[in-house]
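In the working numbering, the protein residues as written are 513 to 655.
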């Protein structure tokens, strides 16, 4: 059964959420995981793709926009299907992706901004009602 982790950031800035997603993807990749970052749309996917190149000067994350090149350990996209990825899903969408249960782990990154926080509460309730193991991690952010 998919393990679901909610990362609760002490920020109301959408950029902080995306930067944390990149940090999480970097950490998971270093531990040998394959990561899919699910975005709500193409524009967010392009932003995440750019951030994966620049979120840290000393970091490198081998990644690809899903469907635009050979498979890499980390992919980002907005498609209905995540290709062959099934290890770690980082959800940046307001909806639970229809394929989330095929992943071993799902990370939900929540900021203190109602357009992000309120749909995250609904997803939490949905996952809890379906019996998924849930974990919450409060994260203090600078600023």
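Positions of the beta carbon are idealized from the N, C-alpha and C atoms, including for glycine.
Buried versus exposed call for residue i [16 or more other C-beta atoms within 10 Å across all chains shown]
i, result
"residue 647", "exposed"
"residue 589", "buried"
"residue 627", "exposed"
"residue 529", "buried"
"residue 601", "buried"
"residue 618", "buried"
"residue 552", "exposed"
"residue 610", "exposed"
"residue 531", "buried"
"residue 635", "buried"
"residue 555", "exposed"
Spatially closest choice to residue i from the options, by CA coordinates
i, options, result
"residue 569", "580, 558, 599 and 538", "538"
"residue 564", "626, 553 and 549", "549"
"residue 605", "616, 513, 560 and 542", "560"
"residue 598", "576, 623, 524 and 545", "545"
"residue 516", "557, 621 and 567", "621"
"residue 542", "635, 593 and 575", "575"
"residue 536", "554, 514, 571 and 558", "571"
"residue 520", "614, 654 and 623", "623"
Whole-Å CB distance - residue i paired with residue j, under 8 Å assumed
i, j, result
"residue 652", "residue 522", "5 Å"
"residue 586", "residue 573", "5 Å"
"residue 581", "residue 591", "So it is not a contact: roughly 14 Å between Cβ atoms."
"residue 524", "residue 625", "4 Å"
"residue 608", "residue 638", "6 Å"
Where residue i sits in the DSSP three-state scheme
i, result
"residue 517", "strand"
"residue 534", "helix"
"residue 552", "coil"
"residue 545", "coil"
"residue 594", "coil"
"residue 650", "strand"
Which runs of the beta strand (DSSP E) spanning at least 3 residues fall entirely within the segment 562-586, listed in chain order?
Entirely contained in the segment 562-586, the beta strand (DSSP E) runs reaching 3 residues are, in chain order, 575-577.
I'd like the ranges of any alpha helix (DSSP H) spanning at least 4 consecutive residues and lying wholly in the segment 597-643.
Runs of the alpha helix (DSSP H) inside the segment 597-643: 626-641.
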